[in-house]
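Numbering (my numbering), first residue to last: 7 to 633. Even for Gly, the Cβ is constructed at its ideal location relative to N, Cα and C.
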């Protein structure tokens, strides 16, 4: 957790394997963009096991669209993932942003060793959206894997560069990945390890722990046909920590090795760069380029606060060579590094990073410093935070992965949509052949109950009331139909509540309209309920339906009724029938985006859709229906 001055660091890698058929290409400003001429609904929806069907919008109105297919050629994306939180025995949370708000905050942090900001402790630069969590919290791990899968991440690389392997955390993550693969989610991120200190010894340990006994094999990330690992292959290359025993031929033949790459070293052809101190970033070995949220070419990061050092913060302007603090929450530097990567278009992009959050305070050059992350502006996490940039860097990550890998639906010819009329009875046969399937990443529904990063904190959160895991959408000339399936009987509607089984809908392009991009909400008010309730459960009466409102949303989350919908609930399935005219769709308009949400604690706050109740998909993400 406490970092050496070089800034040893943890990392997650993301990778998408590309390949598509039936595509042509056009030149645009010297950059090749592909056009898909034969979009197939089976390919687009992929029975719900895909992240391509997602759209998103951030708090600044920046959007990304669904992906019709992957671009031709293999492209992998990687991101650094950290496992340190709660693993080093610290007792107190110290938040840099909170201390800096104090009258003498800068002095407390960087010029004094005080009770408020003691030397030798670990400091959160800010508060994560999921609180000061423990890296072993399975509830958080599941959220992370879901978010990274939906972003388009294919593998995460654990930071074990400080010779600590975090076995409890990495085992939890690898086990959960295997569970998701078993459920059918082949596109969940896989894992690799980034070693540096005592690299050969750590590689031996990891080989004996996971690879030799073939443990969690479905979670391994493969490169060139073998599990990938980042580390040295020769003792003479890893002499900073004494002469180490050579690796066995068995180990050397088992892995595809990539060399650790520090930004102050020459560019190695076979390396994986976790950060760069040059801009534009170089492509290493014709294979991989680094993309980073922020960087520290004049490290430590805290020198940018105390000395005005020109580290590259989140708001660094590459043209003016200045940090623009007002743009830090918008990720201007992150975007600049992505633009370089997309222009150079190598087979792999490596992103720094996901969830570092902490740095150790220690003495250096006459003051106390924080090396790798010092405050919101001078830190490099893309994971969501409470307040500040919120989820802007996550949405930015997802948007740029799609630019790099995918063909937008806007560059695809629409496919013919089959008409299906659904009777809202307890016979679901009309849904059997519907191709528009949208799935939750994982079906496990457990409450949160885990220690935070320090023993004095414990986080609790109820399991989802209605654990919706599958949605199907159909349409005919007059109506849009939803089939919403949960893992257990759908709970009873409570009179007067407005957060029961909501459907949020936006039409046309994703944009800042209505509330957070959504123009309509269905089921905000239940007008008629024809179901028998026993012990809090719905029991459908054959041939009967209920009625609910369709309401037009305003930017302040208020709404006005603009129509009515019919619904039926039977055991774990809800069906909803919405008149096209009530949501502004003509009989041939078959493109809209939506989310299902139930029992959100703070329904007016879009960020709570990442946290409480059930939101499918989470947060500012939505599913794109195309017919």
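For a test of the three-state rule: what should DSSP assign to residue i, helix, strand or coil?
{"i": "residue 85", "result": "strand"}
{"i": "residue 225", "result": "helix"}
{"i": "residue 181", "result": "helix"}
{"i": "residue 248", "result": "strand"}
{"i": "residue 634", "result": "In this structure the chain extends from 7 to 633, so residue 634 is not present and cannot be described."}
{"i": "residue 441", "result": "coil"}
{"i": "residue 458", "result": "strand"}
{"i": "residue 433", "result": "coil"}
{"i": "residue 510", "result": "strand"}
{"i": "residue 186", "result": "helix"}
{"i": "residue 632", "result": "coil"}
{"i": "residue 111", "result": "helix"}
{"i": "residue 69", "result": "strand"}
{"i": "residue 132", "result": "coil"}
{"i": "residue 30", "result": "Low confidence applies to residue 30: its pLDDT is 33, below 50, so where it sits in the model is not reliable, and the reading given next is rough at best. Strand."}
{"i": "residue 318", "result": "strand"}
Excluding the five sequence neighbours on either side, which residues of its own chain have a C-beta within less than 8 Å of the C-beta of residue i, listed in chain order?
{"i": "residue 595", "result": "513, 586"}
{"i": "residue 411", "result": "22, 24, 73, 76, 77, 81, 83, 158"}
{"i": "residue 96", "result": "7, 127, 128, 459, 460"}
{"i": "residue 578", "result": "491, 492, 493, 494, 495, 496"}
{"i": "residue 215", "result": "171, 173, 221"}
Locate the beta strand (DSSP E) running through residue i, then write down its first and last residues.
{"i": "residue 354", "result": "354-358"}
{"i": "residue 552", "result": "552-559"}
{"i": "residue 256", "result": "Looking at the DSSP string, residue 256 is not in any beta strand (DSSP E); the run it does join, the alpha helix (DSSP H), is 255-260."}
{"i": "residue 201", "result": "196-201"}
{"i": "residue 295", "result": "294-298"}
{"i": "residue 575", "result": "565-576"}
Can you give the Cα-Cα distance for residue i and residue j, rounded to whole angstroms?
{"i": "residue 603", "j": "residue 478", "result": "15 Å"}
{"i": "residue 195", "j": "residue 448", "result": "13 Å"}
{"i": "residue 576", "j": "residue 614", "result": "28 Å"}
{"i": "residue 109", "j": "residue 395", "result": "24 Å"}
{"i": "residue 438", "j": "residue 186", "result": "24 Å"}
{"i": "residue 213", "j": "residue 257", "result": "7 Å"}
{"i": "residue 600", "j": "residue 373", "result": "52 Å"}
{"i": "residue 155", "j": "residue 445", "result": "12 Å"}
{"i": "residue 317", "j": "residue 354", "result": "25 Å"}
{"i": "residue 359", "j": "residue 86", "result": "5 Å"}
{"i": "residue 605", "j": "residue 428", "result": "27 Å"}
{"i": "residue 170", "j": "residue 348", "result": "34 Å"}
{"i": "residue 220", "j": "residue 200", "result": "19 Å"}
{"i": "residue 330", "j": "residue 388", "result": "18 Å"}
{"i": "residue 368", "j": "residue 274", "result": "31 Å"}
{"i": "residue 419", "j": "residue 47", "result": "11 Å"}
{"i": "residue 554", "j": "residue 626", "result": "24 Å"}
{"i": "residue 276", "j": "residue 166", "result": "19 Å"}
{"i": "residue 309", "j": "residue 287", "result": "23 Å"}
{"i": "residue 250", "j": "residue 142", "result": "31 Å"}
{"i": "residue 568", "j": "residue 619", "result": "26 Å"}
{"i": "residue 365", "j": "residue 140", "result": "15 Å"}
{"i": "residue 295", "j": "residue 350", "result": "9 Å"}
Between which two residues does the alpha helix (DSSP H) containing residue i stretch?
{"i": "residue 533", "result": "Unbroken run through residue 533 is the beta strand (DSSP E), 526-534; no alpha helix (DSSP H)."}
{"i": "residue 209", "result": "205-212"}
{"i": "residue 73", "result": "That residue, residue 73, is in no alpha helix (DSSP H); its beta strand (DSSP E) goes 73-76."}
{"i": "residue 310", "result": "309-312"}
{"i": "residue 335", "result": "Unbroken run through residue 335: none, as it is neither H nor E."}
{"i": "residue 155", "result": "144-157"}
{"i": "residue 103", "result": "102-106"}
{"i": "residue 399", "result": "398-411"}
Mark residue i as exposed unless 16 or more other C-beta atoms lie within 10 angstroms of its C-beta, in which case mark it buried.
{"i": "residue 188", "result": "exposed"}
{"i": "residue 402", "result": "buried"}
{"i": "residue 583", "result": "buried"}
{"i": "residue 464", "result": "exposed"}
{"i": "residue 190", "result": "exposed"}
{"i": "residue 54", "result": "buried"}
{"i": "residue 313", "result": "exposed"}
{"i": "residue 336", "result": "buried"}
{"i": "residue 608", "result": "exposed"}
{"i": "residue 164", "result": "buried"}
{"i": "residue 302", "result": "buried"}
{"i": "residue 284", "result": "exposed"}
{"i": "residue 453", "result": "exposed"}
For residue i, which residues in the same chain have their Cβ closer than 6 Å to its Cβ, ignoring the five residues on either side in sequence?
{"i": "residue 234", "result": "198, 227, 262"}
{"i": "residue 425", "result": "482"}
{"i": "residue 630", "result": "59, 61, 72, 599"}
{"i": "residue 622", "result": "446, 474, 602"}
Excluding five sequence neighbours on each side, which residues of the same chain lie with their C-beta closer than 7 Å to the C-beta of residue i?
{"i": "residue 530", "result": "504, 508, 555, 557, 565"}
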